[in-house]
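In this note's numbering, the protein residues as written are 22 to 583.
Heads up, the beta-carbon is just placed ideally off N, CA and C, and yes, glycines get one too.
Structure, as structure tokens:
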């Protein structure tokens with residue numbers, strides 16, 4: 022398997038793991054991934070149809086560190102065809118995890134899970150269930166996680182960036198010239214990476230991963246599986262249901278992707294929803310003017326925030342130096358302005374701190390994490406379960422989006438649309454940038470082919486969400502069927518943290534779907550702050566509640582940089 026990470030079975034280190042899916046650039050992600058000394062022998066890949074389970078803490082590099090000492094989860098490796106249309110052809114390895122039902126006497130079957138992406142690791146997601154409102158499912162089902170092909174402990178392409186891949190455009194360039202420079206730079210990198218193993222890159226699709234899920238079902242010895250997916254994991258679930266509806270018992274999809282993977286439409290929908298939330302945020306800040314002092318009306322707050330953004334766009338503030346350097350510029354202010362409701366108190370405080378010339382909390386945290394990452398950066402990686410854990414894989418994300426995304430790949434067309442979105446949405450316009458990503462991608466589009474069938478399906482949408490706006494759930498219901506439960510919040514993938522999750526438990530137990538609505542995550546006051554999600558508690562990694570599970574958009578892909 023040329024240029025695919027191959028397994029070394031002579032030694033094992035324990036990889037770092039996280040339960041959340043890949044975060045957008047709006048999040049401030051944890052930067053360091055620790056390695057432990059080699060202590061065990063790695064799991065051998067299982068042939069199709071079998072799984073050899075071993076304790077994850079024994080074979081997976083960093084499991085104990087990033088799961089707070091979990092010893093219950095089991096890990097295995099499954100061999101699957103690279104191209105499922107050629108079952109006797111080249112094989113790749115998929116990493117799978119299992120958290121056995123806590124009450125074997127009540128065991129109902131298995132729930133396969135995916136937290137989102139594409140490009141995100143999913144192997145630790147089962148550990149979020151026992152500490153969440155979905156704990157009853159962990160008692161009655163084996164909860165299955167896995168790293169999709171191209172990610173984490175599963176086989177993947179490894180690509181090194183060359184100096185020209187990270188160069189900044191000349192400062193004399195216009196905004197459009199800088200954008201074209203970055204577009205060409207990005208295209209050259211991903212094209213070079215894909216061409217290292219074009220056959221592997223071609224098979225990084227939602228449909229291929231759905232077929233891997235069915236291979237996992239077979240290897241588990243299950244006639245039918247249930248499924249729980251969040252964010253991009255809902256697209257994966259919809260693809261699985263379209264291909265293998267007869268192999269499904271129950272399926273719940275939280276924070277649903279659109280039925281058509283149109284990148285231009287996705288960008289417009291995301292910007293529009295973000296603009297609406299910004300308007301709500303300004304009203305909330307005005308309500309607490311005695312705390313934040315941006316103004317007593319939404320209009321005053323809006324004016325003050327735009328002025329702060331313009332000021333830092335013209336004169337960015339630099340904190341720290343070297344690899345731990347943080348730049349607070351106009352784009353950073355925009356990210357804070359578009360805070361999800363659960364972070365309003367935290368990010369309003371950061372905005373006020375920036376205005377007053379001090380260092381905001383997010384910058385202090387990021388600086389410390391970047392310094393820790395720099396200290397550990399030189400260590401040698403291993404492979405498979407020996408591999409240093411990766412939270413997500415940038416190339417896999419890019420490949421899946423560009424292999425399937427419907428959109429022009431012409432820079433001029435994309436630039437014109439980006440400018441139009443900036444005009445339509447003064448606060449959020451241009452913040453979404455799926456459409457700008459696929460210029461120069463060397464492979465043709467393989468569109469989704471979602472279908473109706475009669476298998477059980479519960480969709481979950483969130484009324485005020487911007488990551489996967491509620492209209493997307495409506496479009497998916499129209500396309501493939503199912504019932505739609507509406508959660509009254511804006512928190513991406515929040516169902517497992519809400520009392521409303523009782524409806525999900527009932528659904529998995531009895532097959533009873535819901536078309537009702539239910540209360541969501543509350544909006545904090547300046548005193549209450551933000552709470553941790555079950556995913557964050559499971560790993561001890563307090564990521565922003567919404568950003569932790571949103572579809573991945575790597576930093577630096579927006580036209581706004583430069």
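Buried versus exposed call for residue 411 [16 or more other C-beta atoms within 10 Å across all chains shown]: So residue 411 counts as buried.
Segments assigned beta strand (DSSP E), at least 3 residues, entirely inside the stretch 336 to 380: Qualifying beta strand (DSSP E) stretches, in chain order: 338 to 340, 347 to 349.
Alpha helix (DSSP H) segment containing residue 287, residue limits: 284 to 308
Straight-line Cα distance separating residue 370 from residue 377: 11 Å
Buried or exposed by the 16-neighbour rule on C-beta atoms within 10 Å, applied to residue 203: Within a 10 Å sphere around the beta-carbon of residue 203 sit 16 or more other beta-carbons, which makes this residue buried.
Exposure of residue 231, with buried meaning 16 or more beta-carbon neighbours within 10 Å: buried
Top-ranked residue by Cα proximity to residue 166, from 117, 122, 195: 117
CB contact flag (residue 294, residue 486, <9 Å): yes
Cβ distance (whole Å) where residue 491 is taken to contact residue 498 below 8 Å: About 11 Å; that fails the 8 Å criterion.
Span separating the alpha-carbon of residue 133 from that of residue 329: 46 Å
Counted within 10 angstroms of its Cβ, other Cβ atoms place residue 50 as buried (16 or more) or exposed: With a pLDDT of 29 at residue 50, under the threshold of 50, the modelled position of that residue is not reliable, and the figure given next carries that caveat. With 16 or more other Cβ atoms within 10 Å, it is buried.
Own chain, CB closer than 7 Å to residue 502, minus 5 neighbours either side, in chain order: 473, 478
Enclosing alpha helix (DSSP H) for residue 214 [first to last residue]: 196 to 217
beta-carbon residue 293 near the ligand NAD non-hydrogen atom, thresh 8 Å: Among the ligands in the structure shown, none appear at all, so the ligand NAD cannot be discussed.
Three CB pairs or more closer than 8 Å across the stretch 505 to 521 and the stretch 145 to 164: yes
Sequence-distant residues of its chain with Cβ nearer than 6 Å to residue 446 (five each side left out): 292, 296
Beta-carbon contacts of residue 211 that lie in its chain and below 6 Å, excluding the five residues immediately before and after: So the list reads 419, once near-sequence residues are dropped.
Rounded C-alpha distance that separates residue 480 from residue 260: 14 Å
Beta strand (DSSP E) segment containing residue 178, residue limits: Residue 178 -> no beta strand (DSSP E), and no H or E assigned at all.
Whole-angstrom distance between residue 415 and residue 52, CA atom to CA atom: Low local confidence applies: a pLDDT of 26 at residue 52 is under 50, so the model's placement there is unreliable, with the coordinate-based value given in what follows. Going by the C-alpha atoms only, they are around 14 Å apart.
Classification of residue 325 by the beta-carbon crowding that lies within 10 angstroms, buried from 16 upward: It is buried - the Cβ of residue 325 has at least 16 other Cβ atoms within 10 Å.
Distance, residue 72 Cα to residue 107 Cα: Each residue's Cα considered, the two are about 21 Å apart.
8 Å contact criterion, which residue 178 and residue 221 should meet: CB distance rounded: Indeed they touch by this definition, with Cβ atoms about 6 Å apart.
Residue 233 vs residue 170 beta-carbon contact at 9 Å: yes
Residue 103 versus residue 172: straight-line alpha-carbon distance, rounded: 14 Å
Check whether residue 276 and residue 483 have beta carbons under 9 Å apart: yes
Exposure of residue 300, with buried meaning 16 or more beta-carbon neighbours within 10 Å: The C-beta of residue 300 has fewer than 16 other C-beta atoms within 10 Å across all chains shown, which makes the residue exposed.
Contacting residues, own chain, Cβ-Cβ under 7 Å from residue 432 (five flanking each side not counted): 201, 204, 460
Straight-line Cα distance separating residue 464 from residue 140: 18 Å
Beta-bridge pairing of residue 162 - partner residues as DSSP gives them: 130
Coarse secondary structure for residue 519, derived from DSSP in three states: coil
Option in 143, 428, 500 with minimal Cα separation from residue 466: Ranked by Cα distance from residue 466, the options 143, 428, 500 are led by 428.
First and last residue of the uninterrupted beta strand (DSSP E) at residue 417: Note, residue 417: premise wrong, no beta strand (DSSP E); alpha helix (DSSP H) at 415 to 425.
For residue 224, three-class secondary structure by DSSP: coil
C-beta contact flag for residue 448 and residue 527 at 9 Å: no
DSSP-derived helix/strand/coil call for residue 485: coil
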